[in-house]
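Below is one structure, written out as structure tokens; comments come after it.
In the working numbering, the protein residues as written are 129 to 555.
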């Protein structure tokens, strides 16, 4: 029998594509499936200092061959992330958390918020609040006491203030909730108005009366007098202390032989600037040093008996914040990114007051007291990440404001004297 080779060749050639197609199909089915995307459980996240939260990430498609996730943080000093996606806040700031798989990524923008500490009074007791809640009640409230300044260093809370011992006011410093130093022996009245921690040392500014009853402006370091800034011949008060470059800057005022008060800044134990000429009353409430520039705020009385709120830069008037037609006072200064922020109060008409925040000499925020004829005051200011925090009181309640609105009511009957925005441990 003869074989029909032409017909056989036709059959083989016709079947060949089917064989090839079958081979290609088997090869595609066995190829690994790549990752198409990574989706985070949250696109944004806010944490408090030391706060933690676990993020999850979904890899698509579900049948991707390798769904192994690798986690990373753009700034471990702000927010750290574990291999399981657990985020731990370290320091206030912003970081991006990334989960990566198969060349694809998902991200979450994390903001770590600072802690807001405030020192003040609640009825008769000296108190420290943290994020709007009582953290420490420093005294028992049986006798008057006040917490006038707070500073936080590496998580430790230092507070300066006063406690009445039954006959005299005693200047004190507390570490967390416990007395660290009684700065004075209780034989004469004394106040601790400001505290600053630098290089592990605790500096305090205030005054102590001498045996003649004249207040002497003083600075203490770790509980011991470091500088007596004045000689005790005239009334003098140290209101604010700031450490920069190892030098101690203090703001306050000292009387002259005519009975007027001169606003002053001291560097270490020497007068650095007499801010006013001594022809009218004046007071320096707060000092802030930025680089080589010394900023001071306070008030100066004019010939009409009214007080203007003022800012001085290296001893020279930088801004008259108010026109001197009504009473005003600048109580606290803070410098951030080259901008000068000041808080205080301004009388806008007879016995009608507005609480003010100024930025570079111009009104930034105004708060209207609940009753403009009641006593209200802003005592302290701090700035972080463009947000402005102030503390004071509005009638009886002690309050904290953030930017142009109220953030906390701390107590129904008290005063918020000092605010500190703590951003976490130093880098």
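Ideal Cβ positions, reconstructed from N, Cα and C, are used throughout, including at glycine.
This structure is a prediction, so every number in the text was calculated from the model and none was measured.
For residue 542, the uninterrupted beta strand (DSSP E) segment begins and ends at 542-550.
Where residue 388 is concerned, there is no enclosing beta strand (DSSP E), because DSSP gives it neither an H nor an E.
Here the segment 197-215 makes contact with the segment 224-231; the two share three or more CB pairs at distances below 8 Å.
A distance below 6 Å between beta-carbons, with the five flanking residues on each side excluded, links residue 457 to the following residues of its chain, in chain order: 427, 437, 472 and 473. Restricting attention to 304, 174, 193 and 220, the CA atom closest to the CA of residue 512 is found in 220. Just so you know, the alpha carbons of residue 232 and residue 165 end up roughly 6 Å apart.
Between the C-alpha atoms of residue 339 and residue 382 there is a straight-line separation of about 18 Å. Taking residue 505 as reference, the option from 488, 493, 523 and 492 with the minimal CA-CA separation is 523. Counting along the chain, the unbroken beta strand (DSSP E) around residue 165 starts and ends at 165-168.
Annotated as proximal: residue 470 and residue 439, with beta-carbon spacing under 8 Å. Taken through DSSP and simplified to helix, strand or coil, residue 315 comes out as coil. In the three-state reduction of the DSSP assignment, residue 244 falls in the strand class. Within the same chain, 252 come within 8 Å of residue 270 by CB-CB distance, once the 5 residues on both sides are set aside. In the structure shown, the three-state DSSP call for residue 296 is coil.
Using a C-beta cut-off of 8 Å, the segment 320-336 makes contact with the segment 347-363, since at least three inter-stretch Cβ pairs fall below that distance. In terms of Cα proximity to residue 173, the closest of 237, 205 and 199 is 237. Cβ contact annotation for residue 280 (same chain, cutoff 6 Å, sequence separation greater than five): 245, 548 and 550, in chain order.
With respect to the 8 Å criterion, residue 196 and residue 229 are classified as neighbours on the basis of their beta carbons.
Look at residue 478 here: in three-state DSSP terms it is coil, with no helix or strand label. Here residue 399 is bridged, per DSSP, to 394.
Between residue 443 and residue 403, the gap from beta carbon to beta carbon is short of 8 Å. In this structure, DSSP gives residue 443 a state outside helix and strand, which the three-state scheme calls coil. Take the alpha-carbon of residue 186 and the one of residue 515: they are about 35 Å apart. Judged by their CB atoms, residue 434 and residue 453 are nearer to each other than the 8 Å cut-off. Classified as buried, residue 321 has 16 or more neighbouring CB atoms from the shown chains inside 10 Å of its CB.
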